[in-house]
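Enquirer: Dumping the structure here so I can ask a few things about it.
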Amino acid sequence: MTIPIRRLSGALGAEILEFDPAKTLDASIVAELREIWLEHSILLFRDVDWTPAQHIAFTRHFGKLHIMPRIGTEVPVNLKQYPEIFVVSNVESNGKPVGIKRAGWGWHSDGEDKRIPNMGSMLYGVETPKVGGETSFASTYKAYEALSKSTKALIKGKRARFSRVDMHQINYPNLPPLTETEKLERPDVWHPIVRTHPETLRNCLYIGRWAVEIEDMPQEEGKKLIKDLTNHISNANFTYTHKWSPGDVVLWDNRCTQHCAIPYDDSLESRHMLRTTLEGDIPFYLASDGQRIESALV
Ligand SMILES: O=C(O)CCC(=O)C(=O)O
Ligand SMILES: [Fe+2]
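Here you go:
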């Protein structure tokens, strides 16, 4: 079978047409979907109507599921009966949030602050606002390829320090601060800024809003480079912005994309999204001369 697709932008993304991911799939279709995913980095399915169990079952075709840890003591992160499902929501029930509000309001890839970041994430729009609430995605292959020769030389083989501890309150001012136990559970990590995708072996730019410092670089210079690289990634030439409708499912590859939930006035309408997350592996950079650089805890 050849699954029909429609490209979402010149940079990345494919909409999978005439396909119901809630149905049982055979191995050849799963293999074809993975091939499309590796080529286009994000997949979009529309008009999906499924249960949490079906969402989980479909995600399992792509790998092992990751269970998101709690962030801050008062906030529920996952569905009670389905810990594999992470809740991104501004909805409240009895005055209490039902999920994480304002998740991902800034360019990042999921789990970049951990030694083993997440391979992929699959977000399902349950309630989506008419105004605002889009998510932008960037191809970090394209962003890397477009860098100048001198910038490529500057970052080749270098790593950046990613820190949940340093950045938690800055990236999540609306959440409780990390407890001392959580700080110990989220140690800083050095990741190669140029990352080699473990399946396609293509190089991409690996940086994001949890990055705070660059190896062997004065602190201010490193911060400026992180900012410049992050701005570069969000250039329209490398991105696709998704306007959500209920029933949309987007699967993205965190190894070669970044995403950003675009900030908007979230006091007006409900936005309720359910996400499964795929377990990943330790990032590395493989240079053409055989040099291999791996992520390491600080
Ligand atoms: O709500 C969104 O659009 C994306 C939030 C996010 O960063 C995530 O779920 O990983
Ligand atoms: Fe995210």
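In this note's numbering, the protein residues as written are 990 to 1287.
Glycine is no exception: its CB is placed at the ideal position from the N, C-alpha and C atoms.
The model shown is predicted, which means the values in this text are computed figures rather than measured ones.
(1) Measure the beta-carbon distance from SER1128 to SER1017 and round it to whole angstroms, keeping in mind my assumption that it falls under 8 Å.
(2) For THR1048, name the three-state secondary structure that DSSP assigns.
(3) Tell me which residues share the same chain as LEU1054 and place their Cβ nearer than 8 Å to its Cβ, disregarding the 5 neighbours each side in the sequence.
(4) Please give me, in chain order, every unbroken run of the alpha helix (DSSP H) with length at least 4 that falls completely inside the segment 1166-1209.
(5) Taking 8 Å as the cut-off, is the CB of HIS1186 close to at least one heavy atom of ligand 2?
(6) Are there 16 or more other CB atoms within 10 angstroms of the CB of ASN1224, so buried, or fewer, so exposed?
(7) My assumption, with CB atoms under 8 Å, is that LEU1194 sits in contact with ILE1182. Please give the rounded CB distance.
(8) Measuring straight from C-alpha to C-alpha, what distance separates VAL1080 and PRO1086?
(9) Give every residue of the same chain whose Cβ lies closer than 8 Å to the Cβ of ASN1067, excluding the five residues on either side of it in the sequence, and list them in chain order.
(10) Tell me the residue span of the alpha helix (DSSP H) that contains LEU1027.
(11) In three-state DSSP terms, what is ARG1153?
(12) In three-state terms, what does DSSP make of PHE1008?
(13) Measuring CA to CA, which of GLU1210, ASP1242, ASN1083 and HIS1157 is closest to LEU1112?
(14) Can you find the residues in the same chain that come closer than 7 Å, C-beta to C-beta, to LEU1006, ignoring five residues on each side of it along the sequence?
(15) Quick one: what's got a C-beta closer than 6 Å to ARG1150's C-beta in the same chain, skipping five residues either side?
(16) So what's LEU1275 in DSSP terms, helix, strand or just coil?
(17) Between ARG1059 and the rest of its own chain, which residues show a CB-CB distance below 7 Å, the 5 nearest in sequence each way excluded?
(18) For ligand 1, which residues have a Cβ under 6 Å from at least one heavy atom, in chain order?
Expert: Walking through what the data contain:
(1) Counting from 1 along the sequence shown, the entry for residue 1128 is found at position 139. Counting from 1 along the sequence shown, the entry for residue 1017 is found at position 28. 27 Å between Cβ atoms; not a contact.
(2) Working through the sequence shown from its first residue, we reach residue 1048 at position 59. It is helical.
(3) Working through the sequence shown from its first residue, we reach residue 1054 at position 65. Leaving aside the five residues that flank LEU1054 on each side, the residues in its chain whose CB is nearer than 8 Å to its CB run, in chain order, ILE1045, THR1048, GLU1073, THR1265, THR1266, LEU1267 and GLU1268.
(4) If we require 4 residues or more, the alpha helix (DSSP H) runs fully inside the segment 1166-1209 come out as 1169-1174.
(5) For this step, residue 1186 is matched to residue 197 along the sequence shown. Because no heavy atom of ligand 2 lies under 8 Å away, the Cβ of HIS1186 does not count as near it: no.
(6) Here residue 1224 is taken as the residue at index 235 of the sequence shown, counted from 1. ASN1224 should be labelled exposed.
(7) Start at 1 with the first residue of the sequence shown, and residue 1194 comes out as number 205. Start at 1 with the first residue of the sequence shown, and residue 1182 comes out as number 193. Contact holds; Cβ gap of about 7 Å.
(8) Taking the first residue of the sequence shown as position 1, residue 1080 is located at position 91. Taking the first residue of the sequence shown as position 1, residue 1086 is located at position 97. For the pair VAL1080 and PRO1086, the Cα-to-Cα distance works out to about 6 Å.
(9) For the purposes of this step, residue 1067 is identified with residue 78 of the sequence shown, where counting begins at 1. These residues qualify, in order along the chain: ILE1056, MET1057, GLU1073, ILE1074, PHE1075 and VAL1076.
(10) Taking the sequence shown and counting its residues from 1, one reaches residue 1027 at position 38. Looking at the DSSP string, the run of the alpha helix (DSSP H) that includes LEU1027 is 1016-1029.
(11) Here residue 1153 refers to the residue found at position 164 when the sequence shown is read from its first residue. DSSP places ARG1153 in helix when its eight states are reduced to three.
(12) Taking the sequence shown and counting its residues from 1, one reaches residue 1008 at position 19. DSSP places PHE1008 in coil when its eight states are reduced to three.
(13) In the sequence shown, the residue the question calls residue 1112 occupies position 123. Among GLU1210, ASP1242, ASN1083 and HIS1157, the Cα nearest to that of LEU1112 is on ASP1242.
(14) On the sequence shown, position 17 is the one that residue 1006 refers to. The answer, listed in chain order, is PRO993, ILE994 and ARG995.
(15) Here the question's residue 1150 lines up with position 161 in the sequence shown. Excluding sequence neighbours, ARG1150 sits near ASP1177, TRP1179, VAL1201 and GLU1202.
(16) By one-based count along the sequence shown, residue 1275 stands at place 286. It is a strand residue.
(17) One-based indexing of the sequence shown puts residue 1059 at position 70. Excluding sequence neighbours, ARG1059 sits near VAL1066.
(18) VAL1077, ALA1092, GLY1093, ASP1099, SER1110, LEU1112, THR1124, HIS1248, ALA1250, MET1262 and ARG1264
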